[in-house]
Structures are given as C-alpha cells and as structure tokens.
Amino acid sequence: MIKSELTKIIEKPVWVLLLAASAFYFAGLFLFSHFVWSTDIYEINYRTDTGFDAYIGMVRMFDLARYLLSPLYIFAISFIILGVLKIGLIINNIKVEDKLLFKAIILGTFVLSLPLWVKAVWFVLVKGNYTMDEVKFFYPLSFLYFFDPADIHFNIAKALGRINIYHLAFMAFIASFIKHYSDVNWYRSFGIVIYTYGLGLVLLQLIIILFYI
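With the working numbering, the residue at position 171 of the sequence shown is 679, and numbering never jumps.
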C-alpha cells in the first residue's frame, strides 16, 4: 500500500515535488524563525539601549531572503546529493534513472526539514519559556546529546547537531528507493548511500569541528 502510494507520488512532475518540498521547508523555517526566534527573544538579548528596531528589521530582512530562496535551497541540496549518490551507483555499476532518483531525493528533503518543525513545536507549544542559548543548542535526536554544549564552541555544536537521526532516516528512504528501482537488495543499497552521502556528511562536519578546535 505504502509502496504503491510512493510510486504514484514519484510519477508526479519534478516541479510539483519541488514546490511541495519547498513549501514544507518554508513553513517550518517560518515557524522557527518567526515564532521561536521571536522579537521578544531578540530584544531580551539585545546588548545596547538604542538601535533595536533597525537591528530586528535587518534580521527579518535576512529571514525574508531565506524564505524566498527556499525553492532554490531545496533544488541545490537535492542536486548535490544526486551527484554524490551517482558516484556510488556508477562505481557499483547500478543503474537508476537520474530523474527518478532526483525526485526521490526531493521527497527525502521532507525528512531533512523535520528538525525545523520539531524545534518550533517543542519551543512554542511544549516548552513555552526558553532562552536564546536553549534554542541555539537544541538539536533533537542528534549526536550532540553525547556532549555538553556549554563545553564546546557553538559551531562545533552545530556540526555535531547535523549528525542526526533525520539524516539516517533520509538514507534509509533513499536506500529503499534504490532497491525498488534496481536489482540490488536493501542492505547493499543502504551501504552505498552510507559511504557516499553519509560519509560526505560526516567528513564535512569533521572538517568544521577540526577548524574550530
């Protein structure tokens, strides 16, 4: 049943899937940027007595730019991931149509966008009262849980936070897609995704960590 529905979704035009994924990402980004990073939070942590209106105006302009660039962001990361995965597929002589794989990656970005929704729901509906530091260091279901954020650089914390269960779920989804559209089993498909996308993700975060150590 689920496979049948996913097959129907994959058959949709690329622009439809891109629009849907961008809308989902945009909605999560808006909730997080506007309601979690509220004007009150910025004002509480503003260090000078004047100029706050200009400062918050600049912040919201930056937020607006991110909203408008949502489709480009989803397209860009999907295209990069496609290139990385194709390397692994070519090395292993596995043929999967590029257009179908690209569509699957776009669908997978729904999973990658979930942290924005989780953060928004947690801080706005569950926690209620919170500090700026709590928001900065809140990376749900991530590798950061094994460390004390207070003891490490903020950018290192961000890097550790990007290694999370959402990326693992994304990789499992892509592996299932490759299995469905090729003659390889799921474990081999997952291995290919792990040593291409997964390894690339981890190496990128390690470079960031080493830079700030």
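Beta carbons: idealized from backbone N, C-alpha and C, even for Gly.
Query: Identity of the residues DSSP links to residue 672 by a beta bridge; Result: 650
Query: Residue 539 and residue 611 closer than 7 Å at C-beta; Result: no
Query: Reduced DSSP secondary structure (H/G/I, E/B, other) of residue 623; Result: helix
Query: Rounded distance between the beta-carbons of residue 533 and residue 621, thought under 8 Å; Result: 4 Å
Query: Touching by the beta-carbon criterion (3+ pairs, under 8 Å), the stretch 535-550 and the stretch 630-647; Result: yes
Query: Minimum length 4: unbroken alpha helix (DSSP H) runs contained in the stretch 526-606; Result: 547-552, 560-576, 578-599
Query: CB of residue 689 within 7 Å of CB of residue 589, strictly; Result: no
Query: Through-space distance from residue 553 to residue 547, alpha-carbon basis; Result: 10 Å
Query: Supposed contact pair residue 682 and residue 501 - C-beta distance, whole angstroms, cut 8 Å; Result: In the structure as shown, the chain starts at 509 and stops at 721, and residue 501 therefore has no counterpart that could be examined.
Query: Option in 697, 559, 606, 671 with minimal Cα separation from residue 587; Result: 606
Query: Test item: CB-CB of residue 695 and residue 623 under 7 Å; Result: no
Query: First and last residue of the uninterrupted alpha helix (DSSP H) at residue 641; Result: 640-644
Query: For residue 657, the three-state DSSP class (helix, strand or coil); Result: helix
Query: Collapsed DSSP secondary structure at residue 513 in the structure displayed; Result: helix
Query: Secondary structure of residue 692, DSSP reduced to three states; Result: coil
Query: Beta-carbon contacts of residue 664 that lie in its chain and below 6 Å, excluding the five residues immediately before and after; Result: 717, 720
Query: Beta-carbon contacts of residue 661 that lie in its chain and below 6 Å, excluding the five residues immediately before and after; Result: 720
Query: Proximity of residue 708 and residue 619 at Cβ, strictly below 7 Å; Result: no
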